[in-house]
Structures are given as C-alpha cells and as structure tokens.
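Written out below as structure tokens is the structure these notes cover.
In this note's numbering, the protein residues as written are 309 to 739.
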C-alpha cells in the first residue's frame, strides 16, 4: 500500500507545478468595472456610479497588439480646442440650428408686426343698414343688415370693399381704426367683379388725415409660396390679422355677379365671414388683393380663401369713382341664356338682339329673326380674337381684356359656316 500512495503523491506534486507554471503566463483578469471586460459599449451612468467621487480619470490602456495610430489621443494643445458643450437636455445645452431657427422666427414675427402696424389704420369695419317698414305700426325702422371689411383707397375718403358686402343696403357706416364711426354713401360698383366703392362723409381736411393702403407698382408679379397677411373683421372682431402664403394663382371662381372671376389669388391665410372686402397684403405691406370668398362646407375657414387681384382693383376702382360703374368694352348685344343654347345643342353664344347703331350692328352681326311662327337663328359667337367662346361667361371675360375703342375679330357661326367679322368695341349698356 505504500508504493501506490507514494506514486499518487508524486503525481499530485507534478500537477501542482504544472498549474503554477500556467498561471504565471496568463494575463491578469480584467477588473469587473472595466468596460472592456465584456466588449460592449460602456454605460456612462453606471461607470460614474462605480467610480469614487475624488478619483481622477484614467486613460484606458490600448489593446495589446493594436497599432498606436488606431488609438488617437487628445491633442496637448487643449487651449486651442472648442469649449466642451453640455450634453443635450442638461442646463446650458444649445446647438447652432435652433438658434438660427429662433432668429428667423423672430424676424418673421417682426415683419408681421410691422405690416400690421402700417396697414391696420387703412382697414375699416363696414356696417350696412336697411329700412324696414313695420306692417303693424307702418313705422319705418333702420336695422343692421350686414357687416364686412374694407380699406381706405385714397386721401379723399374713398373706401373699397366687396359688392356683396354693401348690396341691398340703404345706409352705411364705417368704423375707422381710431374707433370713430363715420357715415358713408354708396358711390358705385361692379357686381360681376364683386367690387364696390363707398365715400366717407368727411370734410377735405379730415379726409386728408386718413391712411390709404399701400399699393404696388403695376404688374408686380406674384409667386406661389410668398407670404400673405389678411386684415379684416371676422365675426365682428375688428382688425384681426391672419397670416399665410399664396397657395395658387389664376384660380377661376364663380362670383357674386353670376360670372366667373378669373385670375383670383388663392391663400391659406384664415378668412372667415366678415373678412370680405379686407386687404390681402404681401410682406412689404402692399396690397396684392381683396379678400372675397372662401371654399368651405361649414361657412368657416378651411384654409382655402380667394382674393380679387390688385391689378383688377386698380383698373376698375378709378372708373367706378368717376362714372359709378366700369367703362366696360361692349359689342352692344343681348344674348340667349346658356341653358337654352345647351338645350338646342349649340356651342357658343347666340345673339338675341343687336342694339341699333352699336358696334355689332355696324359690323353686320345678326340676331334672332322671326318668320311667321318660326324663329330663325342668326349669328352664334364662337370666339373673340384668340379667345374661344362657348358660353356667356367666356364672352364676358374675353371682352374684359379689351378697352373701348379696340378693334376685335368676332368669330361667328352663320348658316353652318364660321368666319370672322371686325368690330370696334364701345361703351354700351346692355352687355
């Protein structure tokens, strides 16, 4: 039994020596708090919690075998490095982009404030009243019938607004920016373009102190996306400012007068009942249109509003001030309603009557004729110069591009043939 025990003791002794030799060649085990222990990214919060508060930070030693160039070290010129920024969310944290965005927002706000302060005195609140007779007492009472917005056109006290704002009114009052309420009289208007003009009943000196709206140079182009500012009196809340952009140009919208108003400006600046007649301005504070109508299923703003362009306003308002109505170029004809032409399956505008000595009569255009119990078709207008005409709306808008005295080629269909007749347009009532 002694020999096996001696052999076993010798075997255990040699094994212990081998294990000791192996232990001397093994690298030291990494500290359990060292992030390199697992190979995953360090958790900053856990690392800071494990370190003593007063312990100085140590640079981790490079991995064995890695070239020095893969272990970049901080530049010794610490004074040439940018200041360390606090982590996002900590006090004092900031970045360059939010600072620029905030500055741009502040500049935009300043622009809106500047435009409002300059244009608000030119914006007015209009109230129209109607005379109503009490059927029991027979007394005539004056009751408010509608409100809207408008803007001061000139230093003579003319106010421009929408025709539908003042239509049917017997008397009018205008509230100015300084809360003065001044009576006004109806000067004239153009229902087909939904434009009307009032005149304040002020003496010349008082009118000269008014602030007219700023107007741009003729033909200044508008661009989709440019800023718009609308000032008006929605729901009776006077001098309300809303801001948006030009959403689209050259829109065609059926107007108050029963014909399409073309070249309308579409904007997403909030427009509500009571805004009608108020100015639509650009970022320079200049008039670019007159807020006229909205597209909405509820009657409130849905972000789709329309404004009569300033070029149309500046062309028609002086004529309304001087003559009470536009001096519109005309052929001097009466036409058959479109629905009857459609029922007869006729494309174009059927001339019903030709005014004696008018442009159409002098050019030889023919209206309907009666033969016994039959009505004979005369001329059907299918074009004016380069403008195609398929309806009265087309004819009206085509003629609106010309001035009295202009010569136009009237394309007509007569007895199955289409040809052009030259006519000189005049100012004639009836169109």
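By construction, the Cβ of each residue, glycine as well, lies at the ideal position given by its N, Cα and C atoms. Computed from a predicted structure; not experimentally measured.
Task: For residue 472, the three-state DSSP class (helix, strand or coil) - done: It is helical.
Task: For residue 597: DSSP bridge partner residues - done: Under the DSSP definition of a beta bridge, residue 597 partners with 588, 617.
Task: Distance CB(residue 453)-CB(residue 436) smaller than 7 Å - done: Yes, these two residues count as a Cβ contact at 7 Å.
Task: Opening and closing residue of the alpha helix (DSSP H) in which residue 665 lies - done: Judged by DSSP secondary structure, residue 665 falls outside any alpha helix (DSSP H); it is assigned neither H nor E.
Task: Runs of beta strand (DSSP E) lying entirely within the segment 526 to 560, each at least 3 residues, in chain order - done: Listed in chain order, they are 535 to 540.
Task: CA-to-CA distance, residue 672 to residue 703, given in whole angstroms - done: In this structure, the alpha-carbon of residue 703 lies about 18 Å from that of residue 672.
Open item on the list: Give me the residue from 529, 578, 562 with the minimum Cα distance to residue 596.
Closed with: For residue 596, the closest C-alpha among the options 529, 578, 562 is that of 529.
TODO: For the beta strand (DSSP E) holding residue 684, just list the boundary residues, first then last.
DONE: Unbroken beta strand (DSSP E) run through residue 684: 682 to 684.
Task: Straight-line gap, residue 543 to residue 685 (C-alpha atoms, nearest Å) - done: C-alpha separation (whole angstroms): 51 Å.
Task: Selected residue, minimal CA-CA separation from residue 496, among 477, 483, 486 - done: Measuring from the Cα of residue 496, the nearest candidate turns out to be 477.
Open item on the list: Less than 7 Å between the beta carbons of residue 706 and residue 729, yes or no?
Closed with: Taking 7 Å as the Cβ cut-off, residue 706 and residue 729 do not qualify as a contacting pair.
- [ ] Please list, in chain order, all residues of the same chain as residue 480 whose beta carbon is under 8 Å from its beta carbon, the five residues on each side excluded.
- [x] Cβ neighbours of residue 480 beyond the five flanking positions: 434, 435, 436, 437, 474, 491, 492, 493, 494, 506.
Task: Sequence-distant residues of the same chain with beta carbon closer than 7 Å to residue 716, five excluded per side - done: Counting only Cβ-Cβ distances below 7 Å, and skipping sequence neighbours, we find 692, 693, 710, 731, 733.
Open item on the list: So if DSSP puts residue 519 in a beta bridge, which residue, or which two residues, is it bridged to?
Closed with: In the DSSP output, where bridge partners are listed per residue, residue 519 has none listed.
TODO: Give me the Cα-Cα distance between residue 557 and residue 727, rounded to the nearest whole angstrom.
DONE: Approximately 34 Å between the Cα atoms of the pair.
TODO: Report yes or no: do three or more beta-carbon pairs, one from the segment 659 to 667 and one from the segment 625 to 642, lie closer than 8 Å?
DONE: By the Cβ criterion, the segment 659 to 667 is in contact with the segment 625 to 642, since at least three pairs of Cβ atoms, one from each stretch, lie closer than 8 Å.
Open item on the list: Counting beta carbon pairs with one atom in the segment 649 to 656 and one in the segment 608 to 623, are three or more of them shorter than 8 Å?
Closed with: Using a C-beta cut-off of 8 Å, the segment 608 to 623 makes no contact with the segment 649 to 656, since fewer than three inter-stretch Cβ pairs fall below that distance.
- [ ] Report buried or exposed for residue 422, applying the criterion of at least 16 other Cβ atoms within 10 angstroms of its Cβ.
- [x] Exposed.
Task: Coarse secondary structure for residue 623, derived from DSSP in three states - done: In the structure shown, residue 623 sits in a helix (DSSP, three-state: H, G or I).
- [ ] Note down the Cα distance separating residue 517 from residue 500, rounded to an integer number of angstroms.
- [x] Here the alpha carbons of residue 500 and residue 517 stand approximately 32 Å from one another.
TODO: Kindly indicate which residue of 594, 604, 588, 508 has the alpha-carbon position closest to the one of residue 465.
DONE: Looking at the Cα atoms, 508 is the closest of the given residues.
TODO: Provide the residue(s) that pair with residue 637 in DSSP beta bridges, ordered along the chain.
DONE: Under DSSP, residue 637 takes part in a beta bridge, and its partners are 735.
Open item on the list: What residue range does the beta strand (DSSP E) around residue 709 cover?
Closed with: No beta strand (DSSP E) contains residue 709, which DSSP labels as neither H nor E.
TODO: Could you say which of 554, 601, 583, 581 lies nearest to residue 561 if we only look at CA atoms?
DONE: Cα-wise, what sits closest to residue 561 is 601.
- [ ] Determine the direct distance from the alpha carbon of residue 586 to that of residue 457, and round the result to whole angstroms.
- [x] Distance between the alpha carbons of residue 457 and residue 586 is about 5 Å.
Task: Candidates 550, 624, 668, of which the one nearest residue 588 by Cα - done: Considering only alpha carbons, the answer is 550.
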